[in-house]
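Engineer:
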Amino acid sequence: AQSVAQPEDQVNVAEGNPLTVKCTYSVSGNPYLFWYVQYPNRGLQFLLKYITGDNLVKGSYGFEAEFNKSQTSFHLKKPSALVSDSALYFCAVRDQAGTALIFGKGTTLSVSS
Amino acid sequence: GAVVSQHPSRVICKSGTSVKIECRSLDFQATTMFWYRQFPKQSLMLMATSNEGSKATYEQGVEKDKFLINHASLTLSTLTVTSAHPEDSSFYICSAPHLAGVKGDTQYFGPGTRLTVL
Numbered sequence: 399a400q401s402v403a404q405p406e407d408q409v410n411v412a413e414g415n416p417l418t419v420k421c422t423y424s425v426s427g428n429p430y431l432f433w434y435v436q437y438p439n440r441g442l443q444f445l446l447k448y449i450t451g452d453n454l455v456k457g458s459y460g461f462e463a464e465f466n467k468s469q470t471s472f473h474l475k476k477p478s479a480l481v482s483d484s485a486l487y488f489c490a491v492r493d494q495a496g497t498a499l500i501f502g503k504g505t506t507l508s509v510s511s
Numbered sequence: 024g025a026v027v028s029q030h031p032s033r034v035i036c037k038s039g040t041s042v043k044i045e046c047r048s049l050d051f052q053a054t055t056m057f058w059y060r061q062f063p064k065q066s067l068m069l070m071a072t073s074n075e076g077s078k079a080t081y082e083q084g085v086e087k088d089k090f091l092i093n094h095a096s097l098t099l100s101t102l103t104v105t106s107a108h109p110e111d112s113s114f115y116i117c118s119a120p121h122l123a124g125v126k127g128d129t130q131y132f133g134p135g136t137r138l139t140v141l
């Protein structure tokens, strides 16, 4: 069975500092990994995905994520956080194209000015 | 990116009534769409997979007679909550996979529908 773990309920960083939101996964086959962001009472916005190729994936709004197969991790990173990055972040996985995503529980990112 | 819309964005209804939520892919076709449910400050839970031209596939524990899904066309799926009760109050989100290039599809999500059953 597929699963995603986001070990932190909340991450707090100061504006301008680097941020990391952690994600580990478990799938039986090759993973398709995704990060989404959700603002209050809104749907999910796609940030980035890893399907194959380079382990470092760059996405929207300056975010990037690194796929680490040996550690089964796909941590989300940004070199310099903005207050506007404050939101709920979800990591998701699937093992086949076109199938539903399995989501982690989400991590609330709070960036203070 | 691709756009998925949902209507209505918010609905309040009385217990026992039925509510229909529409999910549309605006600039691409989707033979499959997914319906999720999200409780406050919790993750998204997959309810069912909507398939154009065939029956929906429901996840374990989801009542198919209560949550009716119809995939009427390649751009429209509807979720009808029948005989709604207060415990059905939740945030319902749909998504549709959009294939772009050779690196697999990306699921795009609708803005969600907040259902409140009084």
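Heads up: the protein sequence lines correspond to chains A and B, in order.
So for the first sequence, the working numbering puts the first residue at 399; every next one is plus one.
So for the second sequence, the working numbering puts the first residue at 24; every next one is plus one.
C-beta atoms are modelled at their ideal positions from N, C-alpha and C, and glycine is treated no differently.
All of these numbers come straight from a predicted model, not from anything done at the bench.
Report back the beta-carbon spacing between B/Lys-87 and B/Tyr-81 to the nearest angstrom; my notes put them in contact at under 8 Å.
Structural biologist: Confirmed, about 5 Å.
Engineer: Report all residues from its chain with a CB closer than 7 Å to the CB of B/Ala-71; omit the five preceding and five following residues, and keep chain order.
Structural biologist: Here the set comprises Trp-58, Ala-79, Thr-80, Tyr-81, Glu-82, Val-85, Phe-90, Ile-92.
Engineer: When the Cβ atoms of the stretch 438–454 of chain A are set against those of the stretch 403–419 of chain A, are three or more pairs found closer than 8 Å?
Structural biologist: Taking 8 Å as the limit for Cβ pairs, the verdict is that the stretch 403–419 of chain A does not touch the stretch 438–454 of chain A.
Engineer: Could you check whether B/Ser-41 and B/Thr-105 sit closer than 8 Å to each other, using their CB atoms as the reference points?
Structural biologist: Contact: yes.
Engineer: So, does the CB of A/Asn-513 fall closer than 8 Å to a CB anywhere in chain B?
Structural biologist: This structure leaves residue 513 of chain A out entirely; chain A is present only between 399 and 511.
Engineer: To which residues does DSSP link B/Leu-138 through a beta bridge?
Structural biologist: DSSP lists B/Val-34, B/Ser-113 as partners of B/Leu-138.
Engineer: State the start and end residues of the unbroken beta strand (DSSP E) segment that holds B/Asn-93.
Structural biologist: Start and end: 90–96.
Engineer: For a test of the three-state rule: what should DSSP assign to A/Val-481, helix, strand or coil?
Structural biologist: In this structure, A/Val-481 counts as helix in the three-state DSSP scheme.
Engineer: For the beta strand (DSSP E) that contains B/Arg-47, what are its first and last residues?
Structural biologist: Counting along the chain, the beta strand (DSSP E) containing B/Arg-47 begins and ends at 42–48.
Engineer: Would a check of beta-carbon distances place B/Gln-83 closer than 8 Å to chain A?
Structural biologist: No, B/Gln-83 does not count as interfacial toward chain A.
Engineer: Quick one: which chain B residues come within Cβ less than 9 Å of A/Phe-461?
Structural biologist: In chain order: nothing, as chain B lies at least about 14 Å away.
Engineer: Classify B/Val-125: buried if its beta carbon has 16 or more other beta carbons within 10 angstroms, exposed otherwise.
Structural biologist: Low local confidence applies: a pLDDT of 47 at B/Val-125 is under 50, so the model's placement there is unreliable, with the coordinate-based value given in what follows. Classification of B/Val-125: exposed, given that the 10 Å Cβ count is below 16.
Engineer: Going by DSSP, which residues form a beta bridge with A/Leu-499?
Structural biologist: Answer by DSSP bridge pairing: none, since A/Leu-499 is not bridged.
Engineer: Please state the DSSP three-state secondary structure of A/Ser-401.
Structural biologist: Strand at A/Ser-401.
Engineer: Using the DSSP secondary-structure output, state which residues sit across from A/Ala-412 in a beta bridge.
Structural biologist: Paired residues: A/Ser-510.
Engineer: Cutting at 6 Å between CB atoms, please list the residues of its own chain near B/Ser-73, excluding the five before and the five after it.
Structural biologist: Counting only Cβ-Cβ distances below 6 Å, and skipping sequence neighbours, we find Met-56, Ala-79, Ile-92, His-94, Ser-100.
Engineer: Sorted by chain position, which residues of the same chain lie with C-beta nearer than 7 Å to B/His-30's C-beta, five sequence neighbours on each side aside?
Structural biologist: Excluding positions up to five away in sequence, the list reads Glu-45.
Engineer: When you compare only the Cα positions, how much space is there between B/Ser-77 and B/Ala-53?
Structural biologist: Roughly 13 Å separates the two Cα atoms.
Engineer: Is the shortest distance between the beta-carbon of B/Tyr-131 and the beta-carbons of chain A less than 8 Å?
Structural biologist: It does: the Cβ of B/Tyr-131 has a partner Cβ on chain A nearer than 8 Å.
Engineer: Tell me the residue span of the beta strand (DSSP E) that contains B/Ala-79.
Structural biologist: Unbroken run through B/Ala-79: none, as it is neither H nor E.
Engineer: Of all the CB atoms in chain B, is at least one closer than 8 Å to the CB of A/Lys-420?
Structural biologist: No, A/Lys-420 does not count as interfacial toward chain B.
Engineer: Run through chain B and tell me which residues come within less than 7 Å of A/Gly-496, C-beta to C-beta.
Structural biologist: Correct list: Thr-55, Pro-120, Asp-128.
Engineer: With which residues is A/Tyr-487 paired in a DSSP beta bridge?
Structural biologist: DSSP lists A/Val-435, A/Thr-505 as partners of A/Tyr-487.
Engineer: Roughly how many whole angstroms lie between the Cα atoms of A/Thr-422 and A/Arg-492?
Structural biologist: Cα to Cα, A/Thr-422 sits roughly 13 Å from A/Arg-492.
Engineer: So, does the CB of A/Phe-519 fall closer than 8 Å to a CB anywhere in chain B?
Structural biologist: The shown model of chain A, from 399 to 511, leaves out residue 519 of chain A, and the question about it has no answer.
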